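Residue numbers (my numbering): 6 to 343.
Built from N, CA and C at the ideal position, the CB exists for glycine as well.
Quantities reported herein were computed from a predicted structural model and do not represent experimental measurements.
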Ligand SMILES: NC(=O)C1=CN([C@@H]2O[C@H](COP(=O)(O)OP(=O)(O)OC[C@H]3O[C@@H](n4cnc5c(N)ncnc54)[C@H](OP(=O)(O)O)[C@@H]3O)[C@@H](O)[C@H]2O)C=CC1
Ligand SMILES: O=C(CO)COP(=O)(O)O
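Here's what the structure looks like:
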C-alpha cells in the first residue's frame with residue numbers, strides 16, 4: 006500500500022504534538038491523530054494546539070486527523086504517544102486497522118498498569134510477532150522540542166532498518182540529534198524509572214532541602230535504575246546515556262517536569278489527589294511508582310528511593326518520613342550491590 010503520509014502520530018497531547026511538529030518541520034507529511042474530535046477540530050481551526058502547546062504554530066505538513074482508520078491507512082510508520090495507562094487500549098483499537106507493512110514506535114514512558122510489564126511485552130501480546138517495534142526515549146520536554154530548541158534523544162528497536170528510517174525521519178541537523186542504541190529494554194525502563202526519581206527530587210525540594218539532597222537522589226536513583234535494569238536484562242551502560250542519566254537530570258532539576266512538580270507539591274504538604282489535580286496533565290510517575298516498586302520486589306532488587314516514594318503515594322507516608330528513612334539507612338559502601 007502506498008503511503009500518503011510519511012508517519013502517523015497517535016496521541017495529540019503535548020508530546021505527540023511536539024514530535025509531530027518536529028517531524029513536519031523536517032519536511033515530512035505527518036498525520037496527528039487524537040481521540041477527541043473536538044480537540045482535533047480545534048487544532049485544524051487554530052493551526053495550534055492551544056490546550057497543550059499554546060503559542061506554537063503547527064506546520065503546514067502536520068495534518069490533524071480524528072479518524073483512526075484514516076490515520077493508520079496513511080502511513081506504515083506509526084508513532085504512539087499516549088500515556089502508559091492507555092497504551093494497551095490504543096494498540097487494541099489500532100490492531101484491526103493496521104496495515105500489513107506497519108511498523109510501530111512509541112515515545113510513551115512507563116510500564117503497564119498492574120502487571121508492570123514493559124511496553125514491548127504489551128505490544129507483542131496485543132499485536133503478535135509480525136510488526137517491527139521501536140522506542141524513543143531520552144531528555145525531551147515537549148515545549149522545547151516543539152519550539153525547535155536543541156534536543157538529543159535515543160532510539161532502539163527490534164529491526165535495524167526501521168530504527169535507521171526513524172532516525173532519518175526525526176533527525177534534524179539544526180534541532181534534533183537522534184542516537185541509535187541497541188538496548189530496547191534499557192531505553193524503555195529508563196523512561197519509566199526516571200519519573201519515580203523525579204517525584205523524589207521534587208519532594209526533597211518541596212520540603213526545602215537543597216542541591217546536595219537533590220543531587221544525591223539523582224545519583225542514587227541512577228544506581229537503583231541500573232540495578233533493576235541489569236536484573237531484567239538491560240545493559241548497565243545504557244543508563245549512563247540519554248534514557249538514564251540524561252532524563253534523570255532533566256526531570257529532577259527542571260520545573261517543566263510534571264513528575265518533579267507533583268513531588269514539589271507533595272513536599273509542600275499537598276495530598277496526592279490535590280497535587281495531581283494541580284498538574285492537570287499526565288503524571289506518569291504516580292502509576293509508574295507502583296509498577297516499578299512491584300517489579301523490584303518481585304525480582305528482589307533493592308530500590309530504597311522508589312520504596313519511599315511508594316510509601317508516600319500509596320501507604321500514607323509523608324515526604325519527611327521518607328527523607329528520614331533514607332538518611333537513617335545503615336552505613337554502606339557506595340559501590341556495593343544493594
Ligand atoms: N510532555 C513531555 O515533555 C514528554 C512526554 N513523554 C511521554 O509521552 C506520553 C504522553 O504524554 P504527554 O503527551 O506529555 O501527555 P499529555 O497529558 O500532554 O497528553 C496526553 C494525551 O493523551 C490523550 N489520551 C488520553 N487517553 C487517550 C486514549 N484512550 N486514546 C487516545 N488518546 C488518549 C489525552 O487526551 P485527553 O486530553 O482527551 O485526555 C491527551 O491528548 C507519556 O508517556 C509521557 O511520559 C515523553 C517525553 C516528554
Ligand atoms: O519525560 C519527560 C522529559 O524527558 C517529561 O517529563 P514529565 O513527564 O515529568 O513532564
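6 Å CB neighbourhood of residue i in its chain, flanking five on each side removed
i	result
residue 205	222, 310, 314
residue 236	304, 306
residue 16	86, 87
residue 104	6, 81
residue 150	23, 27, 156
residue 241	231, 235
residue 97	131
residue 83	13, 107, 109
residue 45	39, 69, 71
Reduced DSSP secondary structure (H/G/I, E/B, other) of residue i
i	result
residue 122	coil
residue 224	helix
residue 34	coil
residue 239	coil
residue 157	strand
residue 269	helix
residue 247	helix
residue 260	coil
residue 152	coil
residue 92	helix
residue 133	coil
residue 117	coil
residue 27	helix
residue 105	coil
residue 75	helix
residue 128	helix
Residues bridged to residue i [DSSP beta-bridge criterion]
i	result
residue 97	Beta-bridge pairing links residue 97 to no other residue.
residue 85	15, 111
residue 4	Nothing about residue 4 can be read from this structure; the chain reaches only from 6 to 343.
residue 70	38
residue 62	53
Alpha-carbon to alpha-carbon, residue j and residue i
i	j	result
residue 210	residue 331	15 Å
residue 99	residue 333	49 Å
residue 259	residue 253	10 Å
residue 72	residue 101	14 Å
residue 379	residue 69	Outside the modelled stretch of the chain, which goes from 6 to 343, sits residue 379, for which no answer is possible.
residue 47	residue 312	42 Å
residue 54	residue 146	16 Å
residue 269	residue 133	41 Å
residue 282	residue 51	27 Å
residue 57	residue 336	46 Å
residue 216	residue 92	35 Å
Contacting residues, own chain, Cβ-Cβ under 7 Å from residue i (five flanking each side not counted)
i	result
residue 284	263, 266, 267
Cβ neighbours of residue i in the same chain (closer than 8 Å, five flanking residues each side left out)
i	result
residue 158	141, 142, 143, 144, 145, 175, 181, 182, 183, 184, 247
- Message: Please give the ranges of any beta strand (DSSP E) in the stretch 167 to 235, keeping only runs that are unbroken, at least 3 residues long and fully inside the region.
- Response: The stretch 167 to 235 contains these whole beta strand (DSSP E) runs: 181 to 185.
- Task: Run through the stretch 274 to 343 for me and flag every whole alpha helix (DSSP H) of 4 or more residues, listed as ranges in chain order.
- Result: The stretch 274 to 343 contains these whole alpha helix (DSSP H) runs: 277 to 284, 289 to 304, 309 to 319, 324 to 332.
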